[in-house]
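A.B. asks:
Numbering (the working numbering), first residue to last: 2 to 618.
1. Taking DSSP as the reference, what is the three-state secondary structure of residue 541?
2. If you drop the 5 nearest sequence neighbours on each side, which residues of the same chain put their C-beta closer than 7 Å to that of residue 534?
3. Use the C-beta contact count for residue 19: other C-beta atoms within 10 angstroms, 16 or more gives buried, fewer gives exposed.
4. How close, in whole Å, do the beta carbons of residue 187 and residue 200 come, if the pair is a contact with beta carbons under 8 Å?
5. Could you compute how far the alpha carbon of residue 501 sits from the alpha carbon of residue 279?
6. Measuring straight from C-alpha to C-alpha, what distance separates residue 349 and residue 356?
7. Look up residue 556 in the DSSP assignment and say whether it is helix, strand or coil.
8. Have a look at residue 309 and residue 386 and give me their C-alpha separation to the nearest angstrom.
9. Considering only C-alpha positions, which residue in the set 240, 400 and 418 is nearest to residue 440?
10. Identify the continuous alpha helix (DSSP H) that holds residue 76 and give its terminal residues.
11. Strictly by DSSP, which residues pair up with residue 136?
12. So, with DSSP's three-state summary, where would you put residue 603?
13. Can you tell which of 544, 237 and 562 has its C-alpha closest to the C-alpha of residue 149?
14. So is residue 601 buried or exposed if we call it buried at 16+ other beta carbons inside 10 Å?
15. Grouping DSSP H, G and I as helix and E and B as strand, with all else coil, what is residue 432?
16. Just to confirm before moving on: does the CB-CB distance between residue 246 and residue 72 stay below 9 Å?
17. How would you label residue 259, buried or exposed, when you count the other beta carbons within 10 angstroms and need 16 or more for buried?
18. Can you tell me whether DSSP reads residue 15 as helix, strand or coil?
19. Fully enclosed by the region 236 to 305, which alpha helix (DSSP H) runs are 4 residues long or longer?
20. Hey, residue 523 and residue 62: beta-carbon distance below 9 Å or not?
21. Which parts of the region 143 to 199 are runs of the alpha helix (DSSP H), unbroken and 4 residues or longer, counting only runs that do not cross its ends?
22. Looking at the structure shown, is residue 504 part of a helix, part of a strand, or coil, going by DSSP?
23. Can you grab the Cα-Cα spacing for the pair residue 610 / residue 181, in whole Å?
24. Could you check whether the region 357 to 368 touches the region 324 to 339, counting it as contact only if at least three pairs of C-beta atoms, one from each stretch, sit closer than 8 Å?
25. What's the call for residue 21, buried or exposed, on a 16-neighbour Cβ count within 10 Å?
26. From which residue to which residue does the alpha helix (DSSP H) around residue 40 run?
27. Helix, strand or coil for residue 470 per DSSP?
28. Let me know the secondary structure DSSP gives residue 536 once reduced to three states.
29. Would you call the region 265 to 272 in contact with the region 72 to 83, where contact means no fewer than 3 C-beta pairs closer than 8 Å?
30. Select from 53, 32, 66 and 25 the residue whose C-alpha is nearest the C-alpha of residue 521.
31. Just the C-alpha distance for residue 222 and residue 305, rounded to the nearest angstrom, thanks.
32. Is the CB-CB distance between residue 485 and residue 89 below 9 Å?
33. Closest to residue 516 by C-alpha separation, out of 541, 64, 487 and 497, would be which residue?
34. Using 8 Å as the cut-off, can you tell me whether the region 217 to 235 makes contact with the region 466 to 481, which would need three or more C-beta pairs spanning the two stretches below that distance?
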């Protein structure tokens, strides 16, 4: 990162080279959602069929918005608040909304990195601690909760989270999670201590290492027994499921969250570019790499899930074979996994009463493949169970959690930049305070706020933040971004800016998307999402050993006070958009009826920026 001075004025820092910028944008866009949420959505929404709405969302919503953010940040050379306030003071709240979303997402996102650190530290044990159940308090047998579920479930829900039965039971702070959370925020601070200058160095590792690990996993996963079954499951489309509107909603929101649109981080990163840089090529490159990474990771994940399903199926069949051979006094060498179905039909036909009395488990490979897990469940339960069965399990566990930490850390850079740059734009901090101190204050406030996630009910609150902070607010922010650039800043002016930066004006596809297709799709998705959510009271799965169907999760409705917080999380980040616009309109009225000296300085500053932009045009 380089800086120059001209006439005593410090210019905006610039990237040392193009590679740093691209790696930072790719690292911000490619995150944990590419590894666990995208494969999960493919699994529950018909495998290859989900790729259709996903690609449509990428082409008509994701890429146009990504191009717009990179272009406007590069041209105006400011963070999110500065950009929108420059376009019009009435849009200043859009930048504040992006900053709040970045902060709220960052606090729960780094909590996931704290969990990753906890698992990483335990990955050096032999055997892995989630591979077997611990003894009970009397040391006379294994822990009952663990035996009823699985060792992987027990280590996640009890040893890691020590989770409470529901969200209303808070529990106490868990010191081990507090330590891991503090460590995660310390790593973020160290990487960000010099701002973009130090981040530009860190991304050489954080943005590239996950691809190395994914490639290693891909090679290993494809050689595992059952990998083919997993890949067939991934790429076999269920066309009927496309009739479900929820599929389309999830595809569009996945593209949105995956590309990190409307967070403000991409605008901030592009503002450090040289003025004449091909931002169109950058947008296409980042968008395609992000989606290709999701598919690349899914091949590895589904190969491993196929292996896990095959292992579970074989274990199920072997238990049944043991019961059959003992009861019918048949040599276990005669009945194998391969000919089990033949023997079962023969014995069930000749002695149905005896077979029924054995209470054999139903063993079906498709059932094991259908056992999906979302989000944290995929990383901390499904994958850890699969790792146990792999030779050299400690090495695979270490590599996996280092990869997750690298993915999450590079995304955190964008979230923190989406907070710090607007703070500088607002000039809220005196110039004599060094940026290292500002970064430290932001990280400390985020850490203290995130302590709620280290309570016994912390995982429930992570799911609340994950489900609602990154949905409606991002859609609303993006809608106002497009309207602000196309219909306030002006399509003609924006096209001339792109011509100045890239040497060519945007083609008809980009213009059609910006002016009509993308805002229309955003509005449709937003309305549909609100309508779908309003039709049902939100629920959440709980881990309750006292539940009669345990180890199944007990689904409970959110209490009314939690539902009120959910609404607050959806409204709070974007309430600044109308409030700032109202504030500016009031300032405008005062300006017309009062002397300039009587005006609020911030209101004055906004109108001065607008005037300068009009003069430049």
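All C-beta atoms, glycine included, are put in the ideal place defined by N, C-alpha and C.
As the structure is a computational prediction, the values presented were derived from the model and not from experiment.
C.D. replies: On the basis of the data shown:
1. Looking at residue 541 - three-state DSSP - the assignment turns out to be strand.
2. Excluding sequence neighbours, residue 534 sits near nothing in its chain.
3. So residue 19 ends up on the exposed side.
4. 16 Å between Cβ atoms; not a contact.
5. Going by the C-alpha atoms only, they are around 10 Å apart.
6. A straight line joining the alpha-carbon of residue 349 with that of residue 356 spans about 6 Å.
7. DSSP places residue 556 in strand when its eight states are reduced to three.
8. One C-alpha to the other measures close to 8 Å.
9. That would be 418, whose Cα lies nearest to the Cα of residue 440.
10. Annotation for residue 76: the continuous alpha helix (DSSP H) segment containing it runs 64 to 77.
11. 143, per the DSSP bridge assignment.
12. Residue confidence is low: residue 603 scores 42 on pLDDT, short of 50, so the model does not pin down where it sits. Its coordinate-derived value is still stated next. In the structure shown, residue 603 falls within a helical segment according to DSSP collapsed to helix, strand and coil.
13. Measuring from the Cα of residue 149, the nearest candidate turns out to be 544.
14. Confidence at residue 601 is low in this model, with a pLDDT of 45, below 50, so the placement of that residue is unreliable and no value is reported for it.
15. Coil at residue 432, not helix or strand.
16. No, these two residues do not count as a Cβ contact at 9 Å.
17. Taking all protein chains shown into account, residue 259 has 16 or more neighbouring C-beta atoms within 10 Å of its C-beta and is therefore buried.
18. Under the three-state reduction of DSSP output, residue 15 falls in the strand class.
19. With a minimum length of 4 residues, the continuous alpha helix (DSSP H) runs that stay inside the region 236 to 305 are 246 to 259 and 266 to 271.
20. Yes. Within cutoff.
21. Within the region 143 to 199, complete alpha helix (DSSP H) segments of at least 4 residues are found at 145 to 149, 152 to 155 and 176 to 193, given in chain order.
22. Annotated three-state conformation of residue 504 is coil, per DSSP.
23. Confidence at residue 610 is low in this model, with a pLDDT of 38, below 50, so its placement is unreliable and the value that follows should be read with caution. So the two alpha carbons sit approximately 44 Å from each other.
24. Touching, yes, given that three or more Cβ pairs across the two stretches are closer than 8 Å.
25. Per the 10 Å Cβ criterion, buried.
26. Unbroken alpha helix (DSSP H) run through residue 40: 38 to 45.
27. The three-state reading of DSSP puts residue 470 in coil, since its state is none of H, G, I, E or B.
28. When secondary structure is reduced to three states using DSSP, residue 536 falls in the coil class, being assigned neither helix nor strand.
29. The region 265 to 272 makes contact with the region 72 to 83: 3 or more CB pairs, one atom from each, lie closer than 8 Å.
30. With distances taken between Cα atoms, residue 521 lies closest to 66.
31. So the two alpha carbons sit approximately 6 Å from each other.
32. Against a cut-off of 9 Å, the Cβ pair of residue 89 and residue 485 comes out as a contact.
33. When the alpha-carbon of residue 516 is set against those of 541, 64, 487 and 497, the nearest one is in 487.
34. Because the criterion of three Cβ pairs below 8 Å is not met, the region 217 to 235 and the region 466 to 481 do not touch.
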